[in-house]
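One structure is given below, encoded as structure tokens.
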Amino acid sequence: KLWTREDIFKWLEKYNLENSSLLNLSGEEIIFLHNLRSEAPEFFYHCLESKLGLQSLLELARATQALADLRC
Numbered sequence: 001k002l003w004t005r006e007d008i009f010k011w012l013e014k015y016n017l018e019n020s021s022l023l024n025l026s027g028e029e030i031i032f033l034h035n036l037r038s039e040a041p042e043f044f045y046h047c048l049e050s051k052l053g054l055q056s057l058l059e060l061a062r063a064t065q066a067l068a069d070l071r072c
């Protein structure tokens, strides 16, 4: 699926993440993170913190849930 900026915003808004750095991701990057979550969990969380700047436990929980709920 090709993600538009509006698709990404609506998806993030559903999880109260519309003001996070995740808004700058492409659909391809979102799918990558979705897959990374199960393939390499430690690296997944490292990416959320170091590459995307998610610092609070609440942001990490919301981002993880948003990605887990995707049907790819």
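Every letter in the sequence shown is one number past the one before it in UniProt numbering, and letter 65, counting from 1, is 65.
Ideal Cβ placement from N, Cα and C applies to all residues, glycine included.
A quick note: this is a predicted structure, and the numbers were derived from the prediction, not measured.
Discussion item. Quick check on R5: buried or exposed, where buried means 16 or more other Cβ atoms within 10 Å of its Cβ?
Written reply: Working through the sequence shown from its first residue, we reach residue 5 at position 5. It counts as exposed.
Item to complete: Can you say whether E13 is buried or exposed, counting buried as having 16 or more other CB atoms within 10 angstroms of its CB?
Response: By one-based count along the sequence shown, residue 13 stands at place 13. It counts as exposed.
Practice prompt. Pull up the distance between the alpha-carbon of I31 and that of S56, whole angstroms please.
Written response: Here residue 31 is taken as the residue at index 31 of the sequence shown, counted from 1. Here residue 56 is taken as the residue at index 56 of the sequence shown, counted from 1. Within the model, the alpha-carbon separation for I31 versus S56 is close to 22 Å.
Discussion item. Please list the terminal residues of the continuous alpha helix (DSSP H) segment that includes W11.
Written reply: The residue given as residue 11 occupies position 11 in the sequence shown. Note, W11: alpha helix (DSSP H), 5-14.
Item to complete: Would you grab the beta carbon distance between L58 and F44 for me? Rounded to a whole angstrom, and I think it's under 8 Å.
Response: Mapped onto the sequence shown, residue 58 falls at position 58. Mapped onto the sequence shown, residue 44 falls at position 44. The Cβ separation is near 17 Å, so there is no contact.
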